[in-house]
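Residue numbers (numbering that gives the first Met the number 0), protein chains in the order written: chain A, 0 to 289; chain B, 0 to 460; chain C, 0 to 236.
Step one of this worksheet: look at the structure below.
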Amino acid sequence: MDSTTAMYVAQGIHGLAYGMILFLVASGLTMIFGMMGILNLAHAAFFMLSAYFSYQALAMTGNYWIALLAAPLATAVVGVLVERFLLRKVHAFGHVGELLLTVGVSLVILDAVKAFWGTESLYVDLPESLKGLIHVGGLEYPVYRLFVIGLALVVLFIMAFLLYRTRLGMVVRAAVSDADMVNALGINVPLVFMLVFGIGTWMAGVAGVAIAPILTVFPGLADQMGMDAFLVVVTGGFGSLSGAFIISLVFGELSSYGVQFISALAPVLMFVLMAIILVIKPTGLFGERE
Amino acid sequence: MRTGRKILVVFAIFSLLLMLNLPKALAANAKYDAAGLPDMSDFDPSNPIIPTGDTIKIAIVASFSGPAAIVGEIYFISVQWAAHDINKRGGILVDGKRKKIQVIRADTQSKPAVAKKVCERMILKEHVNVLWGTNGSHIMKVINQVAKKYGVIAQCAAALSDELYDARNFTRYSFMTSFQTNQIGRAAAYYYGQIRKKEKKFYILCQDYLFGHSMAEGFKEGLKLYYPQAQLVGEDYHKLFLTDFAPYLTKIKASGAEVVYTGDWIPDAANLLVQARQAGIKLPFANIFLDEPNFLHKVGVEGTKGLLNISQFGAPNPLFKNDLQIKFYKAWNDLWKTKWKAPFNTYLFKHPLGNIGSYMFQTYWLLSVIERAGSLDPEKIIKQWEGDSYEYISGKVMTMRPVDHKAIQDLHAFEYVPPAEQKQSFNIPPYSYFTGCSNTGPISTIPAEKIMPKLDPKLKR
Amino acid sequence: MLLEVKDLNTYYGSSHALQGMNLQVDEGELVALLGRNGMGKSTTLKSIMGLVKPRSGSVKFRGVDITGLAPFKVARAGIGYVPEERRIFPTLTVFDNLMMGVKRGKMVTGDPDAWTLEKIYSHFPVLEKRRRQKGHTLSGGEQQMLAIARTLMGNPELLLVDEPTEGLAPLMVKEVRDMLADVHKAGVSTLFVEHNLKVAMSLAQRLYLMGKAHLAFTGTVEELDAQPEIREKYLEV
Numbered sequence: 000m001d002s003t004t005a006m007y008v009a010q011g012i013h014g015l016a017y018g019m020i021l022f023l024v025a026s027g028l029t030m031i032f033g034m035m036g037i038l039n040l041a042h043a044a045f046f047m048l049s050a051y052f053s054y055q056a057l058a059m060t061g062n063y064w065i066a067l068l069a070a071p072l073a074t075a076v077v078g079v080l081v082e083r084f085l086l087r088k089v090h091a092f093g094h095v096g097e098l099l100l101t102v103g104v105s106l107v108i109l110d111a112v113k114a115f116w117g118t119e120s121l122y123v124d125l126p127e128s129l130k131g132l133i134h135v136g137g138l139e140y141p142v143y144r145l146f147v148i149g150l151a152l153v154v155l156f157i158m159a160f161l162l163y164r165t166r167l168g169m170v171v172r173a174a175v176s177d178a179d180m181v182n183a184l185g186i187n188v189p190l191v192f193m194l195v196f197g198i199g200t201w202m203a204g205v206a207g208v209a210i211a212p213i214l215t216v217f218p219g220l221a222d223q224m225g226m227d228a229f230l231v232v233v234t235g236g237f238g239s240l241s242g243a244f245i246i247s248l249v250f251g252e253l254s255s256y257g258v259q260f261i262s263a264l265a266p267v268l269m270f271v272l273m274a275i276i277l278v279i280k281p282t283g284l285f286g287e288r289e
Numbered sequence: 000m001r002t003g004r005k006i007l008v009v010f011a012i013f014s015l016l017l018m019l020n021l022p023k024a025l026a027a028n029a030k031y032d033a034a035g036l037p038d039m040s041d042f043d044p045s046n047p048i049i050p051t052g053d054t055i056k057i058a059i060v061a062s063f064s065g066p067a068a069i070v071g072e073i074y075f076i077s078v079q080w081a082a083h084d085i086n087k088r089g090g091i092l093v094d095g096k097r098k099k100i101q102v103i104r105a106d107t108q109s110k111p112a113v114a115k116k117v118c119e120r121m122i123l124k125e126h127v128n129v130l131w132g133t134n135g136s137h138i139m140k141v142i143n144q145v146a147k148k149y150g151v152i153a154q155c156a157a158a159l160s161d162e163l164y165d166a167r168n169f170t171r172y173s174f175m176t177s178f179q180t181n182q183i184g185r186a187a188a189y190y191y192g193q194i195r196k197k198e199k200k201f202y203i204l205c206q207d208y209l210f211g212h213s214m215a216e217g218f219k220e221g222l223k224l225y226y227p228q229a230q231l232v233g234e235d236y237h238k239l240f241l242t243d244f245a246p247y248l249t250k251i252k253a254s255g256a257e258v259v260y261t262g263d264w265i266p267d268a269a270n271l272l273v274q275a276r277q278a279g280i281k282l283p284f285a286n287i288f289l290d291e292p293n294f295l296h297k298v299g300v301e302g303t304k305g306l307l308n309i310s311q312f313g314a315p316n317p318l319f320k321n322d323l324q325i326k327f328y329k330a331w332n333d334l335w336k337t338k339w340k341a342p343f344n345t346y347l348f349k350h351p352l353g354n355i356g357s358y359m360f361q362t363y364w365l366l367s368v369i370e371r372a373g374s375l376d377p378e379k380i381i382k383q384w385e386g387d388s389y390e391y392i393s394g395k396v397m398t399m400r401p402v403d404h405k406a407i408q409d410l411h412a413f414e415y416v417p418p419a420e421q422k423q424s425f426n427i428p429p430y431s432y433f434t435g436c437s438n439t440g441p442i443s444t445i446p447a448e449k450i451m452p453k454l455d456p457k458l459k460r
Numbered sequence: 000m001l002l003e004v005k006d007l008n009t010y011y012g013s014s015h016a017l018q019g020m021n022l023q024v025d026e027g028e029l030v031a032l033l034g035r036n037g038m039g040k041s042t043t044l045k046s047i048m049g050l051v052k053p054r055s056g057s058v059k060f061r062g063v064d065i066t067g068l069a070p071f072k073v074a075r076a077g078i079g080y081v082p083e084e085r086r087i088f089p090t091l092t093v094f095d096n097l098m099m100g101v102k103r104g105k106m107v108t109g110d111p112d113a114w115t116l117e118k119i120y121s122h123f124p125v126l127e128k129r130r131r132q133k134g135h136t137l138s139g140g141e142q143q144m145l146a147i148a149r150t151l152m153g154n155p156e157l158l159l160v161d162e163p164t165e166g167l168a169p170l171m172v173k174e175v176r177d178m179l180a181d182v183h184k185a186g187v188s189t190l191f192v193e194h195n196l197k198v199a200m201s202l203a204q205r206l207y208l209m210g211k212a213h214l215a216f217t218g219t220v221e222e223l224d225a226q227p228e229i230r231e232k233y234l235e236v
């Protein structure tokens, strides 16, 4: 492979890696929206929280793998508690109440993070085994980014299995289109909501851990990622997992090749694509709801 | 007639520049009195001794909450140190009365609207004498506007945009004691073209807003001026708070660049460097913000080697040239080692150097100007400050250009080297700035006359 | 008494949608709830199901108070609900739609009278034919069958059916009517809301007739037949 080809290939893999991380965040967001009808504005805050948890776990144990397992789980526990003791209480008052609550939760998380870890940037180190580069036919690529792609694929397969091969997944898919009907069939929908909220925050958590060694961990992390994830959900269609998947990858590649070829326009490419899709299909790529 | 007038104006500016260079050659009007340093052992940034009553009030207008809250604390410890020092010497005699200096935190939350409100409150309720600012030129602009409206002195110690003092935005109440974007760019180019004379291929990567573009513009002007043989192999502007630098890094790698010039601030600057090192890109980055020690430690000795930092608090090597400098340094460093609590106990606050040193001595200059004006009357302060020059403890001399209130100063290029090589600069035990990261080794002086602050030709005073 | 609704008051915001509603269904009965649009028929079923929360009054099922319980708890108590718009899960297959009706994911075994997949398929052969199709590809009549079959998979003791023939072609109306009769014959007590008087009169043993938000008439088909002025006032346009 000559160096120009290597550059293009590398850009493609970059796009894939970023798209995968984007999908991890966006999928939880779109799933929660699809099922519960609420835009969880605290979603990105959970993503950030997990990055902080991974920093803490790494500081305490020195073991990246423990951090990788523990941080998303701890984040999911927080998510479940938020759903069970806060969101569920305001559910009866409609979506506006829920929306406001998630804003409140994100603010609380932000302030808690600042109180515990301060406002300065923290840095998460890579384990030795994931440092360095892989050399394949003239292409040099960081091991860690390949690992991130692999990690996202594993999560993707777990999710696909859960969603399409288990009864829980069937219930979730049904509840995405009609939660009340599922409830009336004798299925404990509040419990399912809680599980979905937990899984959604867990996925955001996995993304948070995955990105921590690439980005500095600081309180602005939530905004940094939240906006992109939100664009994915809007463009892919609220509640649509496949929409989120496709748009995440497209956004990832768009930002890579955008920088490569039309660098000056790279920052706006996502918005342009979103505008085009929404003009053609106001509900987003695979969305059914306004 | 018209041509004649033009020639006259050009001539006037030219001679003005000449005159301004003149005092630089002479001794400064005033200098920091290092011998008079009082016992500072009671200085505690977490529990500062703040005088009240009839005081000289300085409001630090900055982010004290939100993601950038630490920035406000950096300003606070620097300004409060200078205030504490002067207060322990008995304060300053103004308008026939000795007054102490009271430092007030004015939180902008990084928002222009909040900044405007808080500045007005500082003036109308707190009756502050000086608005001291700040991170973000858009916020500094607000400070200057309020200063102009109410006729209160403002000091720009941390915003870097030249536009703040162009014909449109200039106000005689505000003084820019920090270095500036265009000047920084030219300084980096001068270093590579006239001092180092080695690398030839440069890549510019800056943030995609006014600041980043001005930083890049300055560098390009500088290359034309001082390094015509240099080749610009790439130029990109990325969005603020970018998550993934990989696509840019791949381009940089493919471009054959030997140096990356970036105006990025943290977190962007940090993410850029970390991701570059993860991608195996070992190129040097010419920068102004890649100097945050906590971050440098994370990247480690290898990853930070070869960074080139343009500093506004430099002086030729070695760092310590006399005992008074050592005494001053130790007064700070001993307290850091033994007394200070979070957030002031991290590497960031270890040395009274770099940005902290600069903010501190910009404040000493302000206080010296007030003392010599002998008054808190803004008109008298303006008269005193215009054309004034002041010598820092490091020997660095600052001169205030009367026409546009921008400081004329030498800048310094710090080349980062591993701890063992840092003793050429840090010449007292432990003979290194930090043991966990590369830091300043060789220092090159970029003379002030080569990098005069950009003057807006439309500004007529 | 299987189901006993007493003095039920339900509000949508400030609109008083049910005003002191009373209603009973006995074991083995097939009861129709009639009335013009907007009288509160669907609201009655939804209030029983817990899909809307009544403000006062009581719903008892086999003597146990189930007022205002979460819908899934009402369903688990033994009441099955077939909603007005059928509400088939569009992205699930017909088979999965049926499986959604199975309570706690466990098929009932050992009870010869229980609704199993085989029994459903024998009552609704078209569903077996279409079992791999997505729910949204079915016709209106097929969707209605699937909706009823889905609920039957949970083996309810009482079936609440909302407007089963609405929007169906005349041929399908008859088929759905026969199917309800069939299900009733299989031993499921049923309370259904119907706007088609012919269907209601031909199916039901007893009738409730709703005026605005309250009960206007109750009695057998024969009794209603004997009072054309009531029919005129509350049913005919």
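C-beta atoms are modelled at their ideal positions from N, C-alpha and C, and glycine is treated no differently.
Taking a 10 Å sphere around the C-beta of C:Gly77, we find 16 or more other C-beta atoms and assign the residue as buried.
The Cβ-Cβ distance between B:Pro317 and B:Ser424 falls below 8 Å. It is roughly 16 Å from the alpha-carbon of B:Leu92 to the alpha-carbon of B:Ile57. Contact check for C:Phe88 and A:Asp177: beta-carbon distance about 6 Å, within the 8 Å limit, so the pair qualifies. The alpha-carbon of B:Gly394 is positioned some 11 Å away from that of B:Asp409. Excluding residues up to 5 positions away in sequence, Leu23, Met202, Val205 lie with their Cβ nearer than 7 Å to the Cβ of A:Val154 in the same chain.
Sequence-distant Cβ neighbours of A:Ala174 in its own chain, meaning closer than 7 Å and more than five residues away, are Met34, Val181, Val188, Val191.
Within the same chain, Cβ atoms closer than 7 Å to the Cβ of A:Gly136 are found at Met0, the five residues on either side in sequence being excluded. Scanning the segment 117 to 197 of chain B for uninterrupted beta strand (DSSP E) segments of 3 residues or longer gives 129 to 132, 152 to 155, 173 to 175, listed from N- to C-terminal end. Rounded to whole angstroms, A:Ile279 and A:Met273 show a C-alpha spacing of 10 Å. Boundaries for C:Arg54: no alpha helix (DSSP H) harbours it, and the DSSP string shows neither H nor E there. For B:Gln274, the residues of chain A that pass the 7 Å Cβ criterion are Ile213, in the order they occur in the chain. Residue contact check for A:Phe115 against chain B: no CB pair falls below 8 Å.
At a Cβ-Cβ threshold of 8 Å, A:Phe237 and A:Gly283 count as neighbours. DSSP places B:Phe284 inside the beta strand (DSSP E), whose first and last residues are 284 to 286. Within the segment 20 to 51 of chain C, contact with chain A at the beta-carbon level (separation under 7 Å) is assigned to Met48, Leu50. Counting only residues of its own chain and dropping the five nearest sequence neighbours on each side, B:Ala67 has a CB closer than 7 Å to the CB of Ser109, Asn134.
For the segment 252 to 284 of chain B, the set of positions with a beta-carbon nearer than 8 Å to some beta-carbon of chain A reads Lys252, Ala253, Ile265, Pro266, Ala269, Asn270, Val273, Gln274, Gln277, Ala278, Gly279 in chain order.
In this structure, DSSP gives B:Tyr430 a state outside helix and strand, which the three-state scheme calls coil. The residue among A:Met226, A:Tyr143, A:Leu194 with its C-alpha nearest the C-alpha of A:Leu161 is A:Leu194. Contact note: A:Ala173 reaches chain C through Phe88, Leu91, Met99, using a C-beta cutoff of 7 Å and chain order.
A straight line joining the alpha-carbon of A:Thr165 with that of C:Glu193 spans about 37 Å. According to DSSP, residue pairing for C:Met20 in a beta bridge involves C:Leu7. The alpha-carbon separation between A:Phe92 and B:Phe343 amounts to approximately 46 Å. B:Asp94 counts as exposed, since fewer than 16 other beta carbons sit within 10 angstroms of its beta carbon.
Around the beta carbon of B:Glu291, 16 or more other beta carbons lie within 10 angstroms, which makes this residue buried.
In this structure A:Ala50 is in contact with A:Ala211, their Cβ atoms being roughly 4 Å apart against a cut-off of 8 Å. The residues Lys56, Ala58, Ile103, in chain order, have a CB closer than 8 Å to that of B:Glu125 in the same chain once the five nearest residues on each side in sequence are set aside.
Sequence-ordered contacts of the segment 176 to 193 of chain A with chain C read Ser176, Asp177, Asp179, Met180, Val181, Asn182, Ala183, Leu184, Gly185, Ile186, Asn187, Val188, Pro189 [C-beta pairs closer than 8 Å].
Around the Cβ of B:Lys340, a 10 Å sphere holds fewer than 16 other Cβ atoms; the residue is exposed. In this structure, A:Ser105 places its C-beta atom within 8 Å of the C-beta atom of A:Ala41. Using a 10 angstroms sphere on the CB of C:Lys128, the tally of other CB atoms stays under 16, which defines it as exposed. Contact check for B:Tyr391 against B:Phe360 passes: the beta carbons are separated by less than 8 Å. Restricted to the segment 268 to 336 of chain B, the alpha helix (DSSP H) segments that are unbroken, complete and at least 4 residues in length are 292 to 303, listed in chain order.
Proximity to A:Leu15 across B:Val298, B:His83, B:Ala245 peaks at B:Ala245, based on C-alpha coordinates. Neighbours of B:Lys250 in chain A, taken as residues at a C-beta separation under 9 Å, are given in chain order as Met6, Gln10, Val258, Gln259, Ser262.
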